[in-house]
Amino acid sequence: MAFEFWINFAFLLSVVFFVWGLRLLSSPDTARRGNILAAIGMGLAVVATMVMPVHGAYNNYGWILGGMAIGGAIGWVAARKVAMTAMPQMVSIFNGLGGATAVVLAMVELMNFYNGDSHMAGGQLGISLAALVIGGITFTGSMLAYLKLDGKVKDKHVTLPQHQAINILMFLITIALSIWVYWQGSAATTHWAVGLMALSLVYGFSFVAPIGGADMPVVISLLNSFSGLSAAAAGFIYSSQVMIVGGILVGAAGTILTVLMCDAMNRSLLNVLIGGFGGGGSAAAQGDQTVREVTLNDAAIMLYYANSVVFVPGYGLAVAQAQKVLKEVDDLLSANDVEVKYGIHPVAGRMPGHMNVLLAEADVPYPKLLDLDEANEALKNADVAVIVGANDVVNPAAETDPGSPIYGMPVLRVWEAKNVIVLKRSMNPGYAGIQNPLFFMDNTRMLFGDAKKTLTELAAELKNM
Amino acid sequence: MDMVYQFFLENLTEIYLLIFTVILGFEVISKVPTVLHTPLMSGANAISGVVVIGGVILLRNTPPDNYLMLSLGVLAAALGMVNVVGGFAVTDRMLEMFKKRK
């Protein structure tokens, strides 16, 4: 009796630790403690599951510890080795593994059910099928997302003609087959479950196939949410409260981030999933407007004698691996009492919050990292805004040109700063292929070249001042 | 429809739990600042590794001569644990980097 109390008390405690741990994530000061608290909760839950009384258990502790040791070792090494620029890839793989686990668990339950080894109430059958389908979609979808993020697969390699129509059709078939297998109850066989699993796996791959580039943050967030939902569904199979709570919390986190990412691009989720991006729109003709260049020396002077500077980093910064050099420029300016801030657009990286992590890694203190609203406030009084590798997120056409494909998207109003310096490789339009009128504005100066090289040279100039 | 009624009544506590967790989850997570969204996601990865519990339950209930089930159970335990350990470890690594002053 007392033993059962302590087991269940441990489960209760681990649920509280999950929630409290996430609550502590509300500030960078307490976030680390929160993560450790959640980890302790997980440890409690796993140990309690191992020792809880199970009627007629075989235990198989050797198998359990062996499996967990293998997985744990892989996870540990991966976590130590991964580069911060590769976080989107890692999160994608982890999303996929969560889905895969749910598939395995659901498949086992369904096999036992169809072989007559176990009974399932109707609702439980439905939940198992849901875990199977959602988990399957999450697994292959995430693996493809990983391959795309890692540059191993290009969008055009996996996109068929009429791909959107195929996806919609496949989605409907998956739903229909799930319902059919469900209504068959115990009259269906394991083959049907395997077929449904195969279909989900193919659909997962197919639904991510046409989505690429700038939309990846939405996809990762959505798959994150799915991995949580599949875990929660698996929790219902085992009537495990801790799995249900954990899964739902993850589902909520993924859903919130999905919505935030869509808002940051002013697009609906449906539009991201079925609408292609780029091309189209009345890419307002620029005529033969000219851009004005600035020399390194002039740029250095402009920055050195400014009161406040806002850097606007984009993914190009990470590609050029220039975070550390940017921080060096920041240090040189700060030493001359220039107030330096960073304006970070929600979709600046390849996943939510990615740019913040990259800058934190380069030792930029987090109070300098401003979100969209804070940055727009700071830009009003800034002497110089420096754009490094960003383009669409600083495009004034989003506010002024109703014909632009990005019209309505919230952007960083860098043009409100007294001066704008744009570090850019060339005049090629950005990721979405949209022309940027910012480059032709009166207070804009262009500094062409590789971001890392330019910043290094800029730092050298500043040192000589 | 009977199956649905039955499921609802048998899992009433879990359904309450589900609904309140959804509400609580949205409340708590919407307070996470943008700066921490990447650690939030990797932390969520770790928590979704809670499926490892399913693998443990499965293995504890599998007869030692049923090698198919044992392998699937080990697979579930291993995959879940990659998420748990990898997720918490990488989140800790990231959060360590967020400092007020260097």
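Residue numbers (numbering that gives the first Met the number 0), protein chains in the order written: chain Y, 0 to 464; chain E, 0 to 101. Just so you know, even glycine gets a beta-carbon here, dropped at the ideal spot from N, CA and C.
Shown here for I39 of chain Y: same chain residues with a beta carbon closer than 7 Å to its own, the five before and five after excluded, namely F16 in chain order. Every beta strand (DSSP E) of 3 residues or more that sits fully in the stretch 383-437 of chain Y is shown, in chain order, as 383-387 and 418-423.
Using a C-beta cut-off of 8 Å, the stretch 218-228 of chain Y makes no contact with the stretch 159-168 of chain Y, since fewer than three inter-stretch Cβ pairs fall below that distance. Judged by their CB atoms, M142 of chain Y and G70 of chain Y are not nearer to each other than the 9 Å cut-off. Sorting Y:G140, Y:S91 and Y:I178 by C-alpha distance to the C-alpha of G121 of chain Y places Y:I178 at the top. Taking 9 Å as the CB threshold, D370 of chain Y lines the interface with chain E.
S267 of chain Y carries a coil assignment under DSSP once its states are collapsed to helix, strand and coil. Residue-level contact by beta carbon fails for S333 of chain Y and chain E, as no gap is shorter than 9 Å. Interface with chain Y (9 Å Cβ-Cβ cutoff): L78 of chain E is included. For a Cβ distance threshold of 9 Å, nothing in chain Y lies close to L11 of chain E: the least Cβ distance comes to about 11 Å. Spanning the alpha carbons of M41 of chain Y and N44 of chain E requires a straight line of approximately 12 Å.
R444 of chain Y sits in a strand when the DSSP states are folded into three classes.
For the stretch 39-67 of chain Y, the beta-carbon criterion of a distance under 7 Å to any beta-carbon of chain E is satisfied by M41, A44, V45, T48, M49, V53, A56, Y57, N58, N59, W62, I63, G65, G66 and M67. For V249 of chain Y, the chain E residues whose C-beta falls within less than 7 Å of its own C-beta are A43, I46 and S47, listed in chain order. The beta carbons of G85 of chain E and A77 of chain Y sit about 5 Å from each other, so the pair counts as a contact at 8 Å. Sequence-distant partners of T257 of chain Y (beyond 5 residues in either direction) whose C-beta falls short of 7 Å from its own C-beta, in its chain, are V217, S220, L221, S224 and L268. Of the residues assessed, F4 of chain Y falls on the exposed side of the cut-off, its CB having fewer than 16 other CB atoms within 10 angstroms. V393 of chain Y places its beta carbon less than 9 Å from that of V311 of chain Y. Take M51 of chain Y, set aside five residues on each side of it, and the residues of its chain with a beta-carbon closer than 6 Å to its own are I6, in chain order. Taking a contact to require three or more Cβ pairs closer than 8 Å, the stretch 75-84 of chain E and the stretch 40-59 of chain E qualify as touching.
For D400 of chain Y, the number of other beta carbons within 10 angstroms of its own is at least 16, and it is reported as buried. Taking CB atoms only, N223 of chain Y has a neighbour in chain E less than 9 Å away.
Look at the stretch 313-363 of chain Y and you find these whole runs of beta strand (DSSP E), each 3 residues long or longer: 338-342. L368 of chain Y is bridged by DSSP to Y:Y341.
Here S307 of chain Y carries a strand assignment [DSSP, helix/strand/coil]. Leaving aside the five residues that flank I300 of chain Y on each side, none in its chain has a CB nearer than 6 Å to its CB. At least one C-beta of chain E is nearer than 9 Å to the C-beta of E360 of chain Y. With respect to the 9 Å criterion, S13 of chain Y and G97 of chain Y are not classified as neighbours on the basis of their beta carbons. Separation of the CB atoms of A458 of chain Y and L331 of chain Y is rounded to 6 Å, and the pair is thereby assigned contact status at 8 Å. Take the alpha-carbon of M106 of chain Y and the one of V45 of chain Y: they are about 22 Å apart.
Excluding residues up to 5 positions away in sequence, V311 and G313 lie with their Cβ nearer than 6 Å to the Cβ of A389 of chain Y in the same chain. Within the same chain, and ignoring the five residues on either side of V102 of chain Y in sequence, the residues whose Cβ sits closer than 7 Å to its Cβ are L131, G134, G135, F138 and M196.
The beta carbon of M169 of chain Y sits no closer than 9 Å to any beta carbon of chain E. Where R22 of chain Y is concerned, the enclosing alpha helix (DSSP H) starts and stops at A1 to L23.
Looking at the DSSP output, E292 of chain Y shares a beta bridge with Y:M445. Only exposed fits W182 of chain Y, as fewer than 16 other CB atoms lie within 10 angstroms of its CB.
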